[in-house]
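In this note's numbering, the protein residues as written are 1 to 274. We treat Cβ as the ideally placed atom computed from N, Cα and C, and that holds for glycine. Everything below concerns the one structure shown next.
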C-alpha cells in the first residue's frame, strides 16, 4: 500500500497515485504520508468505510460532527463510515490513515472519538502501509491485518475533543480561538466581537457544548498543550503561546483539569501506552 510524499499539496509522481482505499476489497486498506506545509486542508467529505487517522508528527486538526480534534500524542481519531469530516495539516507532518470495512469493525465505536494508540498498534499500522494492496488474506499479511483489527478494538477511547457550537456566530468565535489560542479575550469581549449579549452567548454555548465559556476554552488549551508538549516544546513556551503570564498559572490550570502537572501526565501516558 502506498506512502505519499507531498510538499504543500504537490504529490511526487509514483505508481500509486490512483490508489483509492474505498475500492480495495480487503478488510483493511492503509496509506501513509509525509509533507512539509504551511497549511493544507481536505474539505468536508465522507467515506463508505470506517477510517482511523494517526499523526506521528506535525499538527493535524480534524473536524467532524460538532467537534474538533487536535490530534494529541499517541492518539488517533476514529471516524465511522458516512460521517462528514474535514482534515487540515500544518508543519512537518507524518500521518497514517487506515480504512476498515464496516463489517470488520463491529466492536469499534459508531461515533467519532479519540483512541489511544499503543506502540504495537502504531507499528502494525505503519507495517500495513507496506503491505500489498491485494494482500493474501490467508497469508502472513492477512494474519497481521487480523491482529491489527483485534488491537484496534481494544484501544481505549478518550474524550479529547473540542466541542463546536452549531450557532454560526459561536462557530466563528471557536475558529478564531483555534487560530489564535493566545487570545485571552473575556466573554464580554467576545460578545462585542460577534454582536451577541454575553448572557445569550453563555446560554447558547452551554446548551450546544455542555460547557461554560471558561471550561470550553480550557479544553482547547489542554488539547493544544498536549500536542505541543509531546513535540518537545517547554512548559514555559506552551504557557506563553496559550496566553498565560507564565508557567505557574498554566501548570495550575493543567493540574486542576487533569489531576496532575503536565510532565507527570505525559510520562504516565507514555508508560500506559507501552
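| query | result |
| --- | --- |
| Where residue 227 falls, given that 16 or more other Cβ within 10 Å makes a residue buried | buried |
| Classification of residue 13 by the beta-carbon crowding that lies within 10 angstroms, buried from 16 upward | Annotation note: pLDDT 41 at residue 13 (below 50); position unreliable, no value reported. |
| Straight-line Cα distance separating residue 20 from residue 133 | 10 Å |
| Opening and closing residue of the beta strand (DSSP E) in which residue 57 lies | 50 to 64 |
| Sheet register partners of residue 45 (DSSP bridge) | 85 |
| CB-CB length for residue 60 against residue 71, believed under 8 Å | 4 Å |
| Candidates 193, 161 and 256, of which the one nearest residue 176 by Cα | 193 |
| 7 Å CB neighbourhood of residue 65 in its chain, flanking five on each side removed | 83 and 112 |
| Residue 222 to residue 79 span [Cα, whole Å] | 22 Å |
| Boundaries of the alpha helix (DSSP H) in which residue 129 is found, first to last residue | Where residue 129 is concerned, there is no enclosing alpha helix (DSSP H), given that its DSSP letter is neither H nor E. |
| Cβ separation of residue 30 and residue 96, assumed to be a contact under 8 Å, to the nearest whole Å | 7 Å |
| Euclidean distance between Cα positions of residue 143 and residue 37 | 36 Å |
| Where the alpha helix (DSSP H) through residue 186 begins and ends | First-last for residue 186: undefined, no H or E at that position. |
| Runs of alpha helix (DSSP H) wholly within the segment 199 to 271 (minimum 4 residues, chain order) | 213 to 230, 235 to 241 and 247 to 258 |
| Assigned secondary structure, residue 11 (DSSP; H/G/I helix, E/B strand, else coil) | Residue placement at residue 11 cannot be trusted, given a pLDDT of 47 that sits under 50; what the coordinates show is reported in the next sentence. Of the three classes helix, strand and coil, the one that applies to residue 11 here is strand, per DSSP. |
| Span separating the alpha-carbon of residue 237 from that of residue 89 | 21 Å |
| Residues bridged to residue 23 [DSSP beta-bridge criterion] | For residue 23, which the question treats as bridged, DSSP gives no partner whatsoever. |
| Nearest residue (CA-CA) to residue 94, options 247, 263, 46 and 54 | 54 |
| Straight-line Cα distance separating residue 251 from residue 262 | 7 Å |
| Reduced DSSP secondary structure (H/G/I, E/B, other) of residue 177 | helix |
| N-terminal and C-terminal residue of the beta strand (DSSP E) that residue 70 is part of | 67 to 70 |
| Residues near residue 16 in its chain [Cβ-Cβ closer than 6 Å; skip 5 each side] | Any reading at residue 16 is ruled out, since the residue's pLDDT is 48, under 50, leaving its predicted position unreliable. |
| Which of helix, strand or coil DSSP assigns to residue 28 | strand |
| Whole-angstrom distance between residue 184 and residue 85, CA atom to CA atom | 29 Å |
| Three-state class that DSSP yields for residue 4 in the structure shown | strand |
| Cutoff 8 Å; reference residue 212; Cβ partners in own chain excluding five residues on either side | 202, 205 and 206 |
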